[in-house]
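K.L.:
Residue numbers (our numbering), protein chains in the order written: chain A, 18 to 209; chain B, 32 to 486.
#1: For residue 114 of chain B, write down the residues that DSSP places opposite it in a beta bridge.
#2: Cβ of residue 280 of chain B less than 9 Å from any chain A Cβ?
#3: Do residue 201 of chain B and residue 172 of chain A have their C-beta atoms within less than 9 Å of each other?
#4: Against chain A, which members of the segment 251 to 273 of chain B pass a CB distance test of less than 7 Å?
#5: If you check the beta carbons only, do residue 83 of chain A and residue 149 of chain A fall under 9 Å apart?
#6: Using the rule of at least 16 other Cβ atoms within 10 Å of the residue's Cβ for burial, across every protein chain shown, is residue 464 of chain B buried or exposed?
#7: Look at the alpha carbon of residue 57 of chain B and the alpha carbon of residue 392 of chain B, and state the distance between them as a whole number of angstroms.
#8: Across the segment 313 to 327 of chain B and the segment 341 to 358 of chain B, are there enough close Cβ pairs to call them in contact, namely three or more that are closer than 8 Å?
#9: Helix, strand or coil for residue 266 of chain B per DSSP?
#10: Leaving out the 5 sequence neighbours to the left and right, which residues in its chain are closer than 6 Å to residue 330 of chain B when beta-carbon positions are compared?
#11: Tell me the DSSP secondary structure of residue 427 of chain B in three-state form.
#12: Kindly say whether residue 322 of chain B, judged by its beta-carbon, lies nearer than 9 Å to any beta-carbon of chain A.
#13: I need the DSSP call for residue 237 of chain B, collapsed to helix, strand or coil.
#14: Going along the chain, which residues of the segment 173 to 192 of chain A sit with their C-beta nearer than 9 Å to a C-beta in chain B?
#15: Going along the chain, which residues of its own chain have a beta-carbon closer than 7 Å to the beta-carbon of residue 351 of chain B, five neighbours each way excluded?
#16: What residues from the segment 128 to 154 of chain B come within 9 Å of chain A, judged by C-beta to C-beta, listed N to C?
#17: Identify each residue in the segment 205 to 226 of chain B for which the Cβ-Cβ distance to at least one residue of chain A is less than 7 Å, and report them in chain order.
#18: Assuming residue 183 of chain A contacts residue 62 of chain A (C-beta within less than 8 Å), just tell me the rounded distance between them.
#19: If we define contact as Cβ-Cβ less than 9 Å, is residue 2 of chain A a contact residue for chain B?
#20: Bridge partners for residue 230 of chain B per DSSP, in chain order?
#21: Is it true that the segment 85 to 102 of chain B meets the segment 120 to 127 of chain B, where meeting means three or more beta-carbon pairs spaced less than 8 Å apart?
#22: Could you check the C-alpha separation between residue 91 of chain B and residue 74 of chain A for me, to the nearest Å?
#23: What does the alpha-carbon distance come out to for the pair residue 149 of chain B and residue 136 of chain B?
#24: Chain B partners of residue 1 of chain A, CB-CB under 8 Å?
#25: Three-state secondary structure (DSSP) at residue 395 of chain B?
#26: Within a Cβ cutoff of 8 Å, which residues of the same chain sit near residue 325 of chain B, ignoring the five residues on either side of it in sequence?
#27: Using a Cβ distance threshold of 8 Å, determine whether the segment 205 to 216 of chain B contacts the segment 183 to 199 of chain A, with at least three qualifying pairs required.
#28: To the nearest angstrom, how far is the alpha carbon of residue 40 of chain A from that of residue 76 of chain B?
#29: Could you tell me which residues DSSP pairs with residue 131 of chain A in its beta bridges?
#30: When you compare only the Cα positions, how much space is there between residue 119 of chain B and residue 104 of chain B?
#31: Would you mind stating whether residue 204 of chain A and residue 65 of chain A have Cβ atoms separated by less than 9 Å?
#32: Please confirm whether residue 175 of chain B has its beta-carbon closer than 9 Å to some beta-carbon of chain A.
#33: Step through the CB atoms of chain A and report whether any lies within less than 9 Å of the CB of residue 277 of chain B.
#34: By the three-class DSSP mapping on this structure, what secondary structure does residue 199 of chain B have?
#35: Give me, in chain order, the residues of the same chain whose beta-carbon lies closer than 6 Å to that of residue 118 of chain A; leave out the 5 immediate sequence neighbours on both sides.
#36: Alpha carbon to alpha carbon, how far is residue 412 of chain B from residue 406 of chain B?
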């Protein structure tokens, strides 16, 4: 008997009452101004936001906001301020030392300030290894809550996706909050 | 009458300053949880749903685990099944050996703790590095976690400062959390870049898609799986949720309940192996299928390991994680320990005041306190009831069944007021430790009633 058979057999033997699957419809919270809520929560979780004005140049804004960034990685066609394209590198480890990563999010979630990232770069390390991460997001693509989020999220060819809510953080030393544990020390969402 | 828990708790409580800090800090986390939960009007509906989804999924494991395996396999993952801890550890070792892995990075997993994975692998010559900051601190100290979400909650910053000074070469006397965290970041960054394989636990496994979902704040699971080609995800079989719709209920509850955050910084969904890599998933039973046969305790399988029951527990907060004899402390640990081995872990049953606060904060509505109460009724059957308590309740029963004797005893009771202390507070009176007897009234209610003194 394989372990799989042994386990399934044990489950069959021990399972008693079979409970029905509950109706999953939730009358979940919605917001009049999803963008305002998203930005508010994003700040609460240690992130920053910038709303791009009409006719404002995205690349110029990024450079102005990050004057010290030397190594800038991005695969986006409309980003010209990058210093390299991570997709052209062979190994993820080569991304180490990236000051600024610029990526695009699929949609934002108002209730928790998260942005859904369906991996669309060769190395997902870009999301985590950069000292600071900028996520460019269409301001019209913000959903109210996670129920709506899961109804529309998809995972594409790389087979990985992540909700990112603010920069990486820890409070493992005496519950003192420190922004920037292993992932980015800063996270900005640019709404355009 | 003392249990191993109460003896260890007395030691923890002896350091008053530290015990007070521990209590107040965890209460602060509980208060944050309250604040966040109240921002969601449908919070209670979510808790009900979470409970009902788990009751459904845990009573349909045969079907859901196979559905999960089918989908995960179609995605390119390799699914393993482990009956117990030993088999789990051997599967992990087998994978690492197949790929000649020498450096192995791990993100937090209570299942790996349950299986004692680290010592097993280290003995086989593999470098195992915990990458969650709290877990890494404890690994360098060679001690276990004392909380399932805040593993190093019992450690002071000065201790971390001294530890890092010795192990990572940080400045002498610097115990600033930001400074120390940055030092760990640098130290672990090297480990991430040089590892050949990474392990994560699983917060959820989605049957309909084959996804493994991992929630962290530090980003260590993601850093770990970003560089090495091999990813091993391990899951207790109760981590299964039927579909994404159900997953949404849990990702809304988890971080709010655990740390009072709207969601963790990273909620990662692993579906396929990395390009040119391998994605292994190990489904572990290790006694879980047996729990299915105990209807009164089946809800322990609802647990999503958020730690809210610990943060709220007046006993846990004041006695610390090491007072418990099972590796998971607090209300859920008391119950899981009893299910694993009642003989071995019955001491923890005393670590409960039956206030039921745990049951009221649990996001998946595990009836934690109620189950502890039920276990206590079973103590005599397994021969673990306290002799002193048995004698006392035997005496009470004798008295209660004899109204005349009871009334005489009551009439006599004010005598206790004038007894010398050594007769009242001695080794036989466990209750009297740290407590003072109230004064007995000169007249009982019964007598007053008879004399028509009660208006």
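Where is the CB? At the ideal position from N, CA and C, for every residue including glycine.
P.N.:
Judging by the given coordinates:
#1: For residue 114 of chain B, which the question treats as bridged, DSSP gives no partner whatsoever.
#2: It does; some Cβ of chain A falls within 9 Å.
#3: no
#4: 251, 253, 254, 257, 258 and 273
#5: yes
#6: The Cβ neighbour count for residue 464 of chain B, taken over all protein chains shown within 10 Å, is under 16; the residue is labelled exposed.
#7: 14 Å
#8: no
#9: strand
#10: Around residue 330 of chain B: 397 and 398.
#11: helix
#12: yes
#13: strand
#14: 174, 175, 176, 177, 178, 179, 180, 181, 182, 183, 184, 185, 186, 187, 188, 189, 190, 191 and 192
#15: 43, 53, 177 and 185
#16: none
#17: Answer set for the segment 205 to 226 of chain B: 208, 209, 211, 212, 216, 219 and 224.
#18: 3 Å
#19: Within the shown structure, residues of chain A are numbered from 18 to 209, placing residue 2 of chain A beyond reach of any answer.
#20: B:137 and B:263
#21: no
#22: 54 Å
#23: Their Cα atoms are separated by approximately 11 Å.
#24: Outside the displayed range of chain A (18 to 209) lies residue 1 of chain A, so it cannot be described from this structure.
#25: coil
#26: 370
#27: yes
#28: 12 Å
#29: A:126
#30: 19 Å
#31: Going by C-beta atoms, residue 204 of chain A is nearer than 9 Å to residue 65 of chain A.
#32: no
#33: yes
#34: In the three-state scheme derived from DSSP, where H, G and I count as helix and E and B as strand, residue 199 of chain B is classed as coil.
#35: Result list for residue 118 of chain A: 90, 143, 147 and 150, in chain order.
#36: 10 Å
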